[in-house]
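Student: First the structure, then my questions, so here it is.
Residue numbers (UniProt numbering): 1 to 512.
Dropping the structure here:
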C-alpha cells in the first residue's frame, strides 16, 4: 500500500487512527499497540502476504537474540551469539537481494547457464534488517533496556517508517511507546503531522513525478543507444537529481507527518542536501539515518579515524562501498559507492591540506562557499547518473555526452549571427540544430521544471525549518490571520497532491 493512494489516505489511515485512539483513550494501551501492529502488518502484507512470515520470523529471532545478548553471560558466548545474529540477518538480506545478481555474474564469467527462479526482493527488508542489526549490536554492548515484545514489534513494523525509513534507532522509538500521552489525540501533533504529510505528498506526486518523465525519457534513450545531445543529457541528469530528492524526501516527510499524527517523533532524514558545500557536508544532510547507521555500526567498527590516516581513508572507502551495495545489486551501485568513497577521501585530504599546509583556517569567503557548493552539487549529479542507470555502459554514455564528447548542439536562432556560426561551426564540434534536437516536443517545459525545483532546493526552507516554525506557531498565540493563511497554504498543497493521485507511482526507495 502506498502513502500516495486513495485507499491509504481515505480508508486505511482514518480507520487505523480513530480505532487506535478510541482504544488508547480507555487506557487499554497493550490492546492499542496490538491494533497498531496488526494494522502495520496489514499495511506490509498489502504488497504480498507471502512475506509476512519473513518479517514475523525476523522480529522473533532478533528479539530473542537481543534478550540473550543483554544478559550477563561470558564474553565469548555473547560474541558468538552476536556473530550468529548478524550473520542470519545479513544472510536473509543477501539471499533475497543479491542471489539473482551473483548467479548472473557467475554465468557471465564462467560461461555457465545456471537458471534459477528469479527471487523477488521483499519490501522493506533492507531497512528492517539494518534497524535490527543495530538493536543486536547495542544489546551486546548492554545499551538496551528490557523491552516489551509487543513494543519491540511496533518498533520494527510501525507503518509510517516500515517501508523506506527513516532507519529508526530503538533508543529514540521504544521509550516513546511508554508515554501515556501518545494514546490520546494531541491536536498540536495532529496539526503538525498533517502539515508535514501534505508537504511530502506535494513533493512526491506534484514535483517528483512530473520531473520523472524527463529523466526516464533520456536515461532510457541513452541505455538503448539512441542519440542524446549535450543539453538533453544534462536535462536527464538534473531531472533525476531533483526527482530522487523530492521523491525520497517526500516519502520521509510523509512518514514523519504520519508518525506525528500518532504522537510519535521520527528522526529527520533530510536537511537541504543540495545546499551542501562539501561531500562531507552532503552526507550529513542526505539520508541522515543511513549515514548515522553506517558511521556508528560500520565505520567505527572498522576503526574509524583512530588507526592512522591510511586506515582512516580505507575505512571511509569501505563504508561507502558497502553503503552502495546496500542500495542495490548491480555494478552501478558498486561504482556509486566507490565514487562517494573516493569523494570523501579527497574531501578529507583537501581539508587537511588546507589547514595544515596552506594555513587557511576554517573561514570561507562567499566566493569560496559558492564555488564549493557548485563543485559539490556537480559531483553529486555525476554520482546520481550511475545510481539511476541500469548498467555502467548507459551511465558512461550519459556522462560522455554530458562532457561534450558527442559535440554540442546550440540554439537554431544563433544562425542569425554569421560571425558566431563561422567561428564555432568551423571546428565541427558545435552545430545549430537546437538544444533539444532529438526530443524537442517531449522536453518542452523541462527547463522550467528544473529551474523551479532548483530554486526550491537551494532557496526554500526545508522540512526541519518548517517543523520548527510550525511548532513555534502552535506554542504561541499569533494573529488569526497568519493561522488562516498558513492553513490555506497547507490545504492547497494537500488538494494539489490529492488531485494528482490518479497516476499512482511507487517511491523510488521502495526498490532498495
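Using N, Cα and C, we set each Cβ at its ideal position, and we do this for glycine too.
To the nearest angstrom, how far is it from the Cα of residue 140 to the Cα of residue 93?
Tutor: Sequence index remark: in the chain shown, residue 140 carries index 140 (1-based). Sequence index remark: in the chain shown, residue 93 carries index 93 (1-based). Looking at the two C-alpha atoms, the distance is approximately 21 Å.
Student: Within 10 Å of its beta-carbon, does residue 142 have 16 or more other beta-carbons around it, so buried, or fewer, so exposed?
Tutor: Position 142 of the chain shown, counting from 1, holds the residue named residue 142. Residue 142 comes out exposed.
Student: Once you ignore the five residues that flank residue 241 on each side, which residues in its own chain have a CB closer than 6 Å to its CB?
Tutor: Stepping through the chain shown from its first residue, residue 241 is reached at position 241. Excluding positions up to five away in sequence, the list reads 381 and 384.
Student: Return the chain-ordered list of same chain residues with a C-beta closer than 8 Å to the C-beta of residue 6, the five sequence neighbours on each side being excluded.
Tutor: If you number the chain shown from 1, residue 6 lands on position 6. Cβ neighbours of residue 6 beyond the five flanking positions: 501.
Student: Take the Cβ of residue 235 as the centre, count every other Cβ of all protein chains shown within 10 Å, and call the residue buried at 16 or more, exposed below.
Tutor: Taking the chain shown and counting its residues from 1, the one referred to as residue 235 is at position 235. Per the 10 Å Cβ criterion, buried.
Student: Check the C-beta distance from residue 147 over to residue 174 and give it rounded, since I have them as a contact under 8 Å.
Tutor: Mapped onto the chain shown, residue 147 falls at position 147. Mapped onto the chain shown, residue 174 falls at position 174. With a Cβ gap of about 5 Å, residue 147 and residue 174 count as contacting.
Student: I need the DSSP call for residue 430, collapsed to helix, strand or coil.
Tutor: The residue labelled residue 430 in the question sits at position 430 within the chain shown. Reduced to three states, the DSSP call for residue 430 is strand.
Student: Does residue 303 pass the burial test, meaning 16 or more other C-beta atoms within 10 Å, or should it be called exposed?
Tutor: In the chain shown, residue 303 corresponds to position 303, counting from 1. Flag for residue 303 reads exposed.
Student: Can you look up residue 229 in the DSSP assignment and give me helix, strand or coil?
Tutor: Taking the chain shown and counting its residues from 1, the one referred to as residue 229 is at position 229. Coil.
Student: Exposed or buried, what is residue 105 when buried is set at 16 or more other beta-carbons lying within 10 Å of its beta-carbon?
Tutor: For this step, residue 105 is matched to residue 105 along the chain shown. So residue 105 ends up on the exposed side.
Student: Along the chain, where does the alpha helix (DSSP H) containing residue 55 start, and where does it finish?
Tutor: Mapped onto the chain shown, residue 55 falls at position 55. That run of the alpha helix (DSSP H) goes 52-69.
Student: Would you decide whether residue 192 is buried or exposed? Buried here means 16 or more other CB atoms lie within 10 Å of its CB.
Tutor: As a working mapping, residue 192 is identified with position 192 in the chain shown. Result: buried.
Student: Whole angstroms is fine: what's the gap from residue 29's alpha carbon to residue 138's?
Tutor: Mapped onto the chain shown, residue 29 falls at position 29. Mapped onto the chain shown, residue 138 falls at position 138. Residue 29 and residue 138: Cα-Cα distance of roughly 27 Å.
Student: Give the single residue among 109, 484 and 102 whose Cα lies nearest to the Cα of residue 520.
Tutor: One cannot answer for residue 520 here, as it falls past the ends of the chain, which runs 1 to 512.
Student: Could you check whether residue 40 and residue 127 sit closer than 7 Å to each other, using their CB atoms as the reference points?
Tutor: Looking up residue 127 in the chain shown gives position 127. Looking up residue 40 in the chain shown gives position 40. The answer is no: Cβ separation not under 7 Å.
Student: Identify whether residue 467 lies in helix, strand or coil by the three-state DSSP scheme.
Tutor: Counting from one through the chain shown, the residue named residue 467 turns up at place 467. Residue 467 falls in the helix class under three-state DSSP.
Student: Give, in chain order, every unbroken run of the beta strand (DSSP E) that is at least 3 residues long and sits entirely within the stretch 159-194.
Tutor: Segments of the beta strand (DSSP E) lying fully in the stretch 159-194: there are none.
Student: Use the C-beta contact count for residue 588: other C-beta atoms within 10 angstroms, 16 or more gives buried, fewer gives exposed.
Tutor: Summary: the structure shown does not reach residue 588, with the chain confined to residues 1 through 512, and so no result is reported for it.
Student: Beta-carbon separation of residue 167 and residue 293 under 7 Å?
Tutor: To locate residue 167, count along the chain shown from 1; it is residue 167. To locate residue 293, count along the chain shown from 1; it is residue 293. Going by C-beta atoms, residue 167 is nearer than 7 Å to residue 293.
Student: Could you give the distance in angstroms between the alpha-carbon of residue 301 and the alpha-carbon of residue 133?
Tutor: Along the chain shown, read from residue 1 onward, the residue named residue 301 stands at position 301. Along the chain shown, read from residue 1 onward, the residue named residue 133 stands at position 133. Each residue's alpha carbon lies about 13 Å from the other.
Student: Spell out the partners DSSP gives residue 198 in its beta bridges.
Tutor: Here the question's residue 198 lines up with position 198 in the chain shown. Answer by DSSP bridge pairing: none, since residue 198 is not bridged.
Student: So, at 6 Å on beta carbons, what are the nonlocal neighbours of residue 276 in its own chain, with the 5 sequence-adjacent residues on each side left out?
Tutor: Along the chain shown, read from residue 1 onward, the residue named residue 276 stands at position 276. The answer, listed in chain order, is 282, 285 and 376.
Student: From this set, 97, 425 and 256, which residue's C-alpha is nearest residue 198's C-alpha?
Tutor: In the chain shown, counting from the first residue as 1, residue 198 sits at position 198. Out of 97, 425 and 256, 256 has the C-alpha closest to the C-alpha of residue 198.
Student: Take residue 437 as the anchor and find which of 228, 25 and 340 has the nearest alpha-carbon.
Tutor: Here residue 437 corresponds to residue number 437 of the chain shown, with the count starting at 1. Comparing Cα positions, the closest option is 228.
Student: Can you grab the Cα-Cα spacing for the pair residue 195 / residue 264, in whole Å?
Tutor: For the purposes of this step, residue 195 is taken as the residue at position 195 of the chain shown. For the purposes of this step, residue 264 is taken as the residue at position 264 of the chain shown. The straight-line gap from Cα to Cα measures roughly 15 Å.
Student: Nearest by alpha-carbon distance to residue 412: which of 435, 155 and 391 is it?
Tutor: The count along the chain shown starts at 1 and reaches residue 412 at position 412. Checking every option, the nearest Cα to that of residue 412 belongs to 435.
Student: Taking residue 205 and residue 497 to be in contact with their CB atoms under 8 Å, please state how far apart those CB atoms are, rounded to whole angstroms.
Tutor: Taking the chain shown and counting its residues from 1, the one referred to as residue 205 is at position 205. Taking the chain shown and counting its residues from 1, the one referred to as residue 497 is at position 497. With 8 Å as the limit, residue 205 and residue 497 qualify as a contact, their Cβ atoms being about 5 Å apart.
Student: Label residue 349 either buried or exposed according to how many other C-beta atoms from any shown protein chain fall within 10 Å of its C-beta, with 16 as the threshold for buried.
Tutor: As a working note, residue 349 is residue 349 in the chain shown. Result: exposed.
Student: From what residue to what residue does the alpha helix (DSSP H) around residue 287 run?
Tutor: Indexing the chain shown from 1 puts residue 287 at position 287. Counting along the chain, residue 287 falls outside any alpha helix (DSSP H), and DSSP gives it neither H nor E.
Student: I need the DSSP call for residue 505, collapsed to helix, strand or coil.
Tutor: The residue you call residue 505 lines up with position 505 of the chain shown. DSSP places residue 505 in coil when its eight states are reduced to three.
Student: Short check: CB of residue 329 to CB of residue 97, under 7 Å?
Tutor: Translated into the one-based positions of the chain shown, residue 329 becomes position 329. Translated into the one-based positions of the chain shown, residue 97 becomes position 97. Yes, the pair counts as a contact, with Cβ atoms nearer than the cut-off.
Student: Counting only the same chain and skipping the five closest in sequence on each side, list residues whose C-beta sits under 6 Å from that of residue 85.
Tutor: The residue given as residue 85 occupies position 85 in the chain shown. 65 and 136, listed in sequence order.
Student: Would you grab the beta carbon distance between residue 299 and residue 315 for me? Rounded to a whole angstrom, and I think it's under 8 Å.
Tutor: The sequence position of residue 299 within the chain shown is 299, counting from 1. The sequence position of residue 315 within the chain shown is 315, counting from 1. Rounded, the Cβ-Cβ distance is 6 Å, consistent with contact.
Student: Would you mind giving the Cβ-Cβ distance between residue 336 and residue 392, rounded to the nearest angstrom? I have them listed as a contact below 8 Å.
Tutor: Working through the chain shown from its first residue, we reach residue 336 at position 336. Working through the chain shown from its first residue, we reach residue 392 at position 392. Incorrect: roughly 10 Å between the Cβ atoms, too far for contact.
Student: Compute the distance between the beta-carbons of residue 318 and residue 150, then report whether it is under 7 Å.
Tutor: For the purposes of this step, residue 318 is identified with residue 318 of the chain shown, where counting begins at 1. For the purposes of this step, residue 150 is identified with residue 150 of the chain shown, where counting begins at 1. Cβ distance not < 7 Å, so residue 318 and residue 150 don't count as in contact.
Student: Please report how far the alpha carbon of residue 261 lies from the alpha carbon of residue 8, in whole angstroms.
Tutor: Here residue 261 refers to the residue found at position 261 of the chain shown. Here residue 8 refers to the residue found at position 8 of the chain shown. Going from the Cα of residue 261 to the Cα of residue 8 covers about 15 Å.
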